[in-house]
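The structure appears right after this line, and notes come after that.
Given below as structure tokens:
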């Protein structure tokens, strides 16, 4: 009986070690999404809109504005993120993955709501790319050795962590640019 438990324990530990440990933040529909509100009680909607347009134009994230309407108080921009990629089996070179997402900014007096959604992996210019969720689901090899599955799971974790770090940097940058100005109380 002890042998059966030992074999089952060893088998389960191997199965668990090949699983993807890190998960990006997902909404109820199992889509990667980040959302929050930036408070700035002293700012009017029009002022926040102007600050956001300036932020979109001056950011270093290869950002493009797809939609802007001051009457509605909404901006939709695309932002890109670069991560590590798989190593090429035939050379020593590795390549990087590029992901894009929609940055939706909505304005009211004293508030800005940001939503980062529709994450996609870009294949090449002009192609629509695949969703990040599809990429994550299909990244791991279906039939392979345990060593290969472990390596792929670690690489997927590195990709997801790189995306999350860049998303948090973007959100922090948004908060600095659209949040309240620091009081000069020197």
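In the working numbering, the protein residues as written are 43 to 228. The beta carbon of each residue, even a glycine, is placed where N, CA and C say it ideally should be.
Exposed unless 16 or more other CB atoms sit within 10 angstroms - verdict on residue i
| i | result |
| --- | --- |
| residue 212 | buried |
| residue 202 | buried |
| residue 36 | Past the edges of the chain, shown from 43 to 228, lies residue 36, and the structure says nothing about it. |
| residue 121 | buried |
| residue 209 | buried |
| residue 76 | buried |
Rounded distance between the beta-carbons of residue j and residue i, thought under 8 Å
| i | j | result |
| --- | --- | --- |
| residue 220 | residue 154 | 5 Å |
| residue 174 | residue 163 | 6 Å |
Rounded C-alpha distance that separates residue i from residue j
| i | j | result |
| --- | --- | --- |
| residue 171 | residue 165 | 6 Å |
| residue 252 | residue 199 | The shown model of the chain, from 43 to 228, leaves out residue 252, and the question about it has no answer. |
| residue 178 | residue 150 | 35 Å |
| residue 82 | residue 152 | 5 Å |
| residue 180 | residue 194 | 11 Å |
| residue 196 | residue 67 | 18 Å |
| residue 84 | residue 112 | 18 Å |
| residue 140 | residue 80 | 27 Å |
| residue 107 | residue 192 | 39 Å |
| residue 87 | residue 206 | 29 Å |
| residue 103 | residue 70 | 28 Å |
| residue 99 | residue 110 | 12 Å |
| residue 187 | residue 222 | 53 Å |
| residue 78 | residue 126 | 27 Å |
Candidates the options: closest to residue i by CA position
| i | options | result |
| --- | --- | --- |
| residue 142 | 73, 83 and 105 | 105 |
| residue 215 | 96, 71, 84 and 72 | 96 |
| residue 144 | 73, 204 and 217 | 73 |
| residue 218 | 71, 207, 187 and 101 | 101 |
| residue 124 | 161, 110, 98 and 99 | 161 |
| residue 138 | 71, 176 and 204 | 204 |
Closer than 7 Å: residue i CB and nearest the ligand COA heavy atom
| i | result |
| --- | --- |
| residue 80 | For the structure depicted, the ligand COA is absent and the ligand set is empty, with no information on it obtainable. |
>> With a threshold of 8 Å, are at least 3 pairs of Cβ atoms found where one atom belongs to the stretch 109 to 124 and the other to the stretch 86 to 96?
In response: yes
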